Amino acid sequence: EAGVTQFPSHSVIEKGQTVTLRCDPISGHDNLYWYRRVMGKEIKFLLHFVKESKQDESGMPNNRFLAERTGGTYSTLKVQPAELEDSGVYFCASSQSPGGIQYFGAGTRLSVL
Amino acid sequence: GEDVEQSLFLSVREGDSSVINCTYTDSSSTYLYWYKQEPGAGLQLLTYIFSNMDMKQDQRLTVLLNKKDKHLSLRIADTQTGDSAIYFCAESLGDMRFGAGTRLTVKP
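These protein sequence lines map, in sequence, to chains F and S. Counting along the first sequence from 1, when you hit position 2 you're at -8 in the working numbering, and nothing is skipped either side. To convert, count from 1 in the second sequence and add 48; that's the working numbering.
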């Protein structure tokens, strides 16, 4: 069974550009989460989807971040326009149930120059 | 401040035991987790413990949970160089709350 996959593994963009990150959860997992780790600090929660609906987006830093999960399968996280402080590693995770074990992808390392 | 706290660095010699400590703040956490991140890799679920347990052992790994003190520890017996990685403690409250990670360095 395939795990959580994320694309790309690394993205380097200039300040002001747009970047879209993709996450494919484990098949059958209705719950999908986005997290990020910036500057070697703790991993912070961004938002939680249950199927295609946003269950909790309290961790989204500002309106430059837009997450979607059309059809309740894969999810995208768009940053537009990107700022220097957005650099970090963005992780996606999925679980069968809301309180269940979350399995993480390898992450996307975003570098904003 | 952080909800989950852990020391940033730990250095041990190969063959010794490693103990990574973590404190968390929310007693309603259902599960507590240890994730491992090797260089250039993602987060690997290492082990977890249900909140009504005190201890869980899995081969070289022992997890101890003190709910009263909100303290979680991970002991790695016979630490190997391949255990060098960053270890994250996390509590589950729907979303996961992580510590900053402990970088374990194993010296030969």
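Glycine included, each C-beta is placed from N, C-alpha and C at the ideal position. None of these values were measured; they are calculated from a predicted model.
Would you say residue i and residue j are within 7 Å of each other, going by their C-beta atoms?
i              : j              : result
G117 (chain F) : L37 (chain F)  : Outside the shown range of chain F, which is -9 to 103, sits residue 117 (chain F), and nothing can be said about it.
S65 (chain S)  : R123 (chain S) : yes
R59 (chain F)  : F39 (chain F)  : yes
T153 (chain S) : S140 (chain S) : no
So what's residue i in DSSP terms, helix, strand or just coil?
i               : result
G6 (chain F)    : coil
E139 (chain S)  : strand
D102 (chain S)  : coil
I78 (chain F)   : The sequence shown places Gly at residue 78 (chain F), rather than the Ile named in the question. Three-state DSSP puts G78 (chain F) in a strand.
T(-5) (chain F) : strand
T153 (chain S)  : strand
G49 (chain S)   : Because the pLDDT of G49 (chain S) is 44, which lies under 50, any placement of that residue in the model is unreliable, and the number read from its coordinates should be weighed accordingly. Coil at G49 (chain S), not helix or strand.
D64 (chain S)   : coil
T127 (chain S)  : coil
T63 (chain F)   : coil
Since I believe residue j is in contact with residue i (beta carbons under 8 Å), could you give me their beta-carbon distance rounded to a whole number of angstroms?
i              : j               : result
V102 (chain F) : A83 (chain F)   : Their Cβ separation, rounded to whole angstroms, is 23 Å, which puts V102 (chain F) and A83 (chain F) out of contact at 8 Å.
I91 (chain F)  : L93 (chain S)   : 7 Å
W24 (chain F)  : A(-8) (chain F) : So it is not a contact: roughly 19 Å between Cβ atoms.
L91 (chain S)  : M101 (chain S)  : Actually they do not touch by this definition, with Cβ atoms about 22 Å apart.
G62 (chain F)  : E47 (chain F)   : Going by Cβ atoms, the distance from G62 (chain F) to E47 (chain F) rounds to 16 Å, so no, they are not a contact pair.
Going by DSSP, which residues form a beta bridge with residue i?
i              : result
H119 (chain S) : S:T71, S:N114
| field | Where the region 81 to 96 of chain S meets chain F: residues whose CB sits under 9 Å from a CB there | value | Y81, Y83, Q85, G88, A89, G90, L91, Q92, L93, Y96
| Between the region 127 to 140 of chain S and chain F, which residues of the former have a C-beta closer than 7 Å to a C-beta of the latter? | F136, S140
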